[in-house]
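Numbered by the numbering used here, the letters in the sequence shown go through residues 139 to 395 in order.
Glycine included, every Cβ here is placed at the ideal spot set by N, Cα and C.
All of these numbers come straight from a predicted model, not from anything done at the bench.
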Amino acid sequence: MIFFIFSCWIDVEAKLGDFANRADVDYEVEEGLIFDSAVPGGVAFEGQALRKNYVNTNDTLYIWEPPQNYIEVGSFSWQGQPVEDVTDIAIDLQGQLFAVTDNMIFSVNAETAELELEGTVSRALVGLAFLSTGELVGAGDGVYLIDKNSFEMEPLIPSGRYQTSGDIVGHPNGNLYWTVQSGTGNLDDFVEISGTQTTFLGTLSTSFVWGLGMANEQIYGFSATGEVHQLFINGDNQEVQSSTQGWWGAATNPIWW
139 MIFFIFSCWI
149 DVEAKLGDFA
159 NRADVDYEVE
169 EGLIFDSAVP
179 GGVAFEGQAL
189 RKNYVNTNDT
199 LYIWEPPQNY
209 IEVGSFSWQG
219 QPVEDVTDIA
229 IDLQGQLFAV
239 TDNMIFSVNA
249 ETAELELEGT
259 VSRALVGLAF
269 LSTGELVGAG
279 DGVYLIDKNS
289 FEMEPLIPSG
299 RYQTSGDIVG
309 HPNGNLYWTV
319 QSGTGNLDDF
329 VEISGTQTTF
339 LGTLSTSFVW
349 GLGMANEQIY
359 GFSATGEVHQ
369 LFINGDNQEV
379 QSSTQGWWGA
389 ATNPIWW
């Protein structure tokens, strides 16, 4: 990885150097953009996720600027070949973007959407998240802590209690929030996870919520049918946007927490 070290005693343009010349980065402090002081250790690395929110379809990565602005980053690719089944994305505490397809976990260049395989896990996953502690979590037939070195899985919520509808998201309060399949028609249930305990928050008025993200301390659900809903911890939800775009995943950048 290429590292750009920022010095505090020279002017902004000089200290950013080539980093400032990237088309997608404005070194003035603006909504959703960062430079030295907001990056842990004052260091930014190539491909780092610099925006607050990202969403994805099955094959394309976008920046989301709430409430309704989407900026296409690029199509997912691995070793020069297109990848068309990315079910979710997540960002770690250092701003590294990750993606999951089935049982394969990739790091993602947030500037190009290029993937690099990091490891494989023993179960298929559809949701990916990071806890506020930095631990990686995967969701499928249960919820699992994933060792980022060995990619061994430790059950957090065992298989059989719930089946993931589409996503799970870490919250600054230390909890996880999870959309799961409901026994009520095609609607999704909304569940809070604290440690190894789950709390049923309510049944949503929507279904196929495959992406979960945050903006302005609120949780948003992105639907495979193109709807975006604000999700409330009391179990309520409110549609805030509808489009023809089907969303498969979402992530909020914890360096902005």
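Please report the straight-line C-alpha distance between residue i and residue j, rounded to a whole angstrom.
{"i": "I213", "j": "N194", "result": "As written in the sequence, residue 213 is Ser, which differs from the Ile given in the question. C-alpha separation (whole angstroms): 10 Å."}
{"i": "N311", "j": "Q217", "result": "38 Å"}
{"i": "E249", "j": "E184", "result": "8 Å"}
{"i": "T302", "j": "E254", "result": "25 Å"}
{"i": "M352", "j": "I393", "result": "13 Å"}
{"i": "G298", "j": "V246", "result": "31 Å"}
{"i": "V366", "j": "E210", "result": "17 Å"}
{"i": "D197", "j": "E222", "result": "4 Å"}
{"i": "N375", "j": "R261", "result": "31 Å"}
{"i": "A176", "j": "L369", "result": "Unreliable positioning characterises A176 in this predicted model, as indicated by a pLDDT of 48, which lies under 50. The coordinate reading is nonetheless provided below. Going from the Cα of A176 to the Cα of L369 covers about 28 Å."}
{"i": "I331", "j": "N324", "result": "22 Å"}
{"i": "G278", "j": "G265", "result": "7 Å"}
{"i": "G244", "j": "T363", "result": "The sequence shown places Phe at residue 244, rather than the Gly named in the question. Roughly 25 Å separates the two Cα atoms."}
{"i": "G179", "j": "V224", "result": "In this prediction, G179 scores a pLDDT of 46, lower than 50, which makes its location untrustworthy; the coordinate-derived value is nonetheless stated afterwards. Cα to Cα, G179 sits roughly 31 Å from V224."}
{"i": "G280", "j": "V329", "result": "12 Å"}
{"i": "T390", "j": "V307", "result": "8 Å"}
{"i": "Q219", "j": "A187", "result": "22 Å"}
{"i": "G233", "j": "V275", "result": "16 Å"}
{"i": "L235", "j": "M242", "result": "14 Å"}
{"i": "I227", "j": "T258", "result": "15 Å"}
{"i": "L199", "j": "Y192", "result": "7 Å"}
{"i": "N287", "j": "N354", "result": "33 Å"}
In three-state DSSP terms, what is residue i?
{"i": "P392", "result": "helix"}
{"i": "N191", "result": "strand"}
{"i": "L369", "result": "strand"}
{"i": "N196", "result": "coil"}
{"i": "S215", "result": "strand"}
{"i": "V221", "result": "coil"}
{"i": "A362", "result": "coil"}
{"i": "S332", "result": "strand"}
{"i": "Y282", "result": "strand"}
{"i": "I287", "result": "For clarity, residue 287 is Asn in the given sequence; the question names Ile instead. Of the three classes helix, strand and coil, the one that applies to N287 here is coil, per DSSP."}
{"i": "W316", "result": "strand"}
{"i": "V275", "result": "strand"}
{"i": "Q232", "result": "coil"}
{"i": "D305", "result": "strand"}
{"i": "S270", "result": "coil"}
{"i": "L263", "result": "coil"}
{"i": "G179", "result": "Confidence at G179 is low in this model, with a pLDDT of 46, below 50, so the placement of that residue is unreliable and no value is reported for it."}
{"i": "P310", "result": "coil"}
{"i": "D374", "result": "coil"}
By a C-beta neighbour count over all protein chains shown, 10 Å radius and 16 as the cutoff for buried, is residue i buried or exposed?
{"i": "D326", "result": "buried"}
{"i": "S345", "result": "buried"}
{"i": "L294", "result": "buried"}
{"i": "T382", "result": "exposed"}
{"i": "G349", "result": "buried"}
{"i": "E377", "result": "exposed"}
{"i": "N372", "result": "exposed"}
{"i": "D230", "result": "buried"}
{"i": "S361", "result": "buried"}
{"i": "E252", "result": "buried"}
{"i": "D285", "result": "exposed"}
{"i": "G387", "result": "buried"}
{"i": "T317", "result": "buried"}
{"i": "Q356", "result": "exposed"}
{"i": "N478", "result": "Outside the shown range of the chain, which is 139 to 395, sits residue 478, and nothing can be said about it."}
Considering only C-alpha positions, which residue in the set the options is nearest to residue i?
{"i": "R189", "options": "P204, D197, T198 and N196", "result": "P204"}
{"i": "M291", "options": "Q234, G298 and L283", "result": "L283"}
{"i": "G333", "options": "Y315, G265 and D374", "result": "Y315"}
{"i": "Y300", "options": "F338, L266 and N324", "result": "F338"}
{"i": "G304", "options": "G384, G373, N372 and K286", "result": "G384"}
{"i": "T459", "options": "E330, S343 and Q335", "result": "A query on residue 459 cannot be resolved here, the shown segment of the chain reaching from 139 to 395 and no further."}
{"i": "T126", "options": "N287, L263 and N391", "result": "The question about residue 126 has no answer, for the chain in this structure spans 139 to 395."}
{"i": "Q319", "options": "T336, I331, N207 and T341", "result": "T341"}
{"i": "Q379", "options": "T258, V329 and Y358", "result": "Y358"}
{"i": "T336", "options": "V347, N354 and P296", "result": "P296"}
* To do: Report yes or no: do the region 297-316 and the region 269-277 share at least 3 C-beta pairs separated by less than 8 Å?
  => yes
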